[in-house]
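Protein chains in written order, with the working numbering: chain A, -6 to 97; chain B, 115 to 583.
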C-alpha cells in the first residue's frame, strides 16, 4: 500500500520545511514507495523525506515501532529503508537522481 | 602500508589529533563515517550546499583546513566495523599492530594497520523511553540540530523542545530563527541548576554570551519555557499530534527530545580496555591517564567519547592523545614541552564543558517513571515489563538481561536502549557499576554479509577429504 497516501502527508506542504537562505543544488527526482518526489541532489534522504512531509518511513515490525528518522547520525537504525533494493539508513544516504526508495 | 597512528572518528578531537601527529611527521590515517570530517557539532553541509557561516561553521572549517594541510591521509565515508590487533591476539602471542576493518564509500572492504590507535568516536544521544516515543515526529535533540544546521530542514511547524542541557535552547532559538513555531521549551533542569553552572561557564564568556542570547530570544518572543518539567507522553494517530507535560497536552507536529549525551565506547569495550562509570561524564568511560592513554598500551581515547566535555574541549584532548602516542612510539623527544599548551587549553575548556555535561547526566527519575508496557528496545520490541521480569528472574547484569530478553541485540546494538535498560537493571541489582555494560562485540556497526565476504565464494571453503571407510 502507498505509505504516503495511507497516512503521513503533512497537511500544509505548501509552506516549505526547507529553511530559506541556504543555497542548494538543483532538484532531482526520486521515488518513495512508488510516488515520485523531488529534492536537491545530495540532500540527506531522511531530511528530504521530512521536507516532503513524510515522517512515517515504513511500518517496521509492528504497529508500535514504525520506521522513523530519530538520531540523524547513523546510530539508531530506526530509519532503515531499501534504496535500490539494498538496506540503507536514510539519515546517512544522499539523494541521487532516479533513486528508488522503498520501505524496509 | 603500516601507519604510525590511526585515528578513528573525524570530529573535533579526531581532526586535531590527526593534524597534530601528521604535522610532527607521523604517517597518519583518519577514518570517518560521514562524507566529510567535522563530527556532529561542526558537521559539514552536504556537497553542493552553501549554508551561511556562523561561529560553529568557522571553527569547523578551520579544523578541516588544518587537517587537509597536515598531510594526514583522510578517508571519509568509511564504515569501520572491525577492530583487531593490539591485545586482541590469540593467547600467549605478543601484542600486534592495530587493525581497523572498514567499508569504503563504494562498498569495497579494506583494512588499515597502525602502531598506535587514537579513538575519537564521540557520543550519541540518550533518549529515555516514554509512552509514544516511537511516533513519527519524535526525534532527538542532537538530531534536530543536525537536521536544522547541516541539512536546513525544519522537523515540523509547531515544535515542542524537551530534555536537558544547552542544546535545548540552541534548538529552540534555531527553530524560531528559521520560522517554526516553538510551542514550548520543556527543561528538565530547574533554574537553580543553571545558576549553579554559571561560575564554570564564566571561564567561557563566548559560550555564556551565546546561551544568554538564546534565552533572550525565547523571552522576547514570549515562548513558554517550563523549568523542572518533562514530557511524560506523546500521542497521535499515524504521527505525533501532541505531547504531555504534567496535566497539559500541547499540540505539536514535532517533538525534539534529548536527555543528554553518552560516550560511544564500542571500540574501547571491544579492546577490553578498563572502564569506569562516571554519570557526570555521560556514563561508562575508558579509564585514562592525564595524556588520554587507555589501559591498553598504544591505545588512546579523546573527545566526548572519552567522557563528555563538549566540542570546545575536544581538540585539546585530541592533541594530547596524539602527542602521547608520538612520545610512546619514540617519535617525540620533548613531550613535556609539547603537551603544556593543549593540557592548559583542555583544563580551561573542560570546566565549562563539564558543567554542561553534569546538567545532561542521566536522571534516574525519568527511568523510574517509564510505564511497564512502554517499549524500551525499539529494534527488538522489548518493554520495560520484560526487562523487569528478566531481572526478577535472576538477570543480574546487562549481559544476562540481554540474553534473557534480546534487548540490545538488534541493529542499534544497544546504542539507543542501553542507557534506559542499564538504569532499569541497576534499579534491581544495586547500581550501574554492578549492572555493567554489554560486552563490546564486532561488528561495531551493522554491515552487509556480502560486503564482508568480498570475493570469497562457496568453493573457497576448505573441505577436508572424507575419512576412509
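Glycine included, each C-beta is placed from N, C-alpha and C at the ideal position.
With at least 16 other beta carbons inside 10 angstroms of its own, residue 551 (chain B) counts as buried. Secondary structure at residue 391 (chain B): strand, using DSSP grouped into helix, strand and coil. Excluding sequence positions up to five before and after residue 342 (chain B), its CB lies within less than 6 Å of the CB of 304, all in the same chain and listed in chain order. In the three-state reduction of the DSSP assignment, residue 57 (chain A) falls in the coil class. Contact residues of the region 157 to 175 of chain B toward chain A are 160, 161, 162, 163, 164, 165 and 166 (C-beta to C-beta distance below 7 Å). In the DSSP assignment, residue 82 (chain A) falls within the beta strand (DSSP E) that extends over 79 to 82.
Under the 8 Å Cβ criterion, the region 506 to 523 of chain B does not count as touching the region 346 to 366 of chain B, having fewer than three qualifying pairs. With fewer than 16 neighbouring CB atoms inside 10 Å of its own CB, residue 27 (chain A) falls in the exposed class.
Neighbours of residue 269 (chain B) in chain A, taken as residues whose beta carbon is under 7 Å from its own, are 43 in chain order. Within chain B, no residue has its CB atom less than 9 Å from the CB of residue 92 (chain A), the nearest being about 14 Å off.
Linking residue 74 (chain A) to residue 38 (chain A) through their CA atoms gives a straight-line distance of about 10 Å.
Where residue 134 (chain B) is concerned, the enclosing alpha helix (DSSP H) starts and stops at 126 to 137. The continuous beta strand (DSSP E) containing residue 340 (chain B) extends over residues 339 to 341. At least 8 Å separates the CB of residue 21 (chain A) from every CB of chain B. Restricting attention to B:282, B:218, B:162 and B:553, the CA atom closest to the CA of residue 16 (chain A) is found in B:162.
For residue 195 (chain B), the enclosing beta strand (DSSP E) covers residues 193 to 200. Interface flag for residue 261 (chain B) against chain A is set, since a Cβ pair is found closer than 8 Å. In the DSSP annotation of this structure, residue 305 (chain B) is not part of any beta strand (DSSP E); the continuous alpha helix (DSSP H) holding it starts and ends at 305 to 315. Residue 570 (chain B) sits exposed, since fewer than 16 C-beta atoms from the chains shown fall within 10 Å of its C-beta. For residue 68 (chain A), the nearest CB of chain B lies under 8 Å from its own CB, placing it at the interface with that chain. Within the same chain, and ignoring the five residues on either side of residue 212 (chain B) in sequence, the residues whose Cβ sits closer than 8 Å to its Cβ are 120, 197, 198, 199, 200, 227, 228, 229, 230, 231, 412 and 413. By the neighbour-count criterion, in which a residue is buried when 16 or more other Cβ atoms sit within 10 angstroms of its Cβ, residue 281 (chain B) is buried.
Per DSSP, residue 119 (chain B) is one residue of the beta strand (DSSP E) stretching across 116 to 122. In the three-state scheme derived from DSSP, where H, G and I count as helix and E and B as strand, residue 501 (chain B) is classed as helix. In the same chain as residue 405 (chain B), and ignoring 5 residues on each side of it, the C-beta atoms closer than 6 Å to its own belong to 434 and 438, in chain order. Contact check for residue 378 (chain B) against residue 235 (chain B) passes: the beta carbons are separated by less than 8 Å. By the 16-neighbour rule on beta-carbons within 10 angstroms, residue 188 (chain B) is buried. Straight through space, the alpha carbons of residue 269 (chain B) and residue 166 (chain B) are spaced by roughly 19 Å.
At a beta-carbon threshold of 7 Å, the residues of chain B lying near residue 14 (chain A) are 166, ordered along the chain.
By the C-beta criterion, the region 347 to 356 of chain B is judged not to be in contact with the region 443 to 453 of chain B, since fewer than 3 inter-stretch pairs fall below 8 Å.
At the C-beta level, residue 160 (chain B) and residue 36 (chain A) come within 8 Å of one another. With respect to the C-alpha of residue 397 (chain B), the residue from B:432, B:549 and B:117 having the closest C-alpha is B:549. Within chain A, the residues placing a beta-carbon under 9 Å from that of residue 530 (chain B) are 63, 64, 68, 69, 70 and 71, ordered along the chain. About 11 Å separates the beta carbon of residue 321 (chain B) from that of residue 312 (chain B), a gap too long to meet the 8 Å contact definition.
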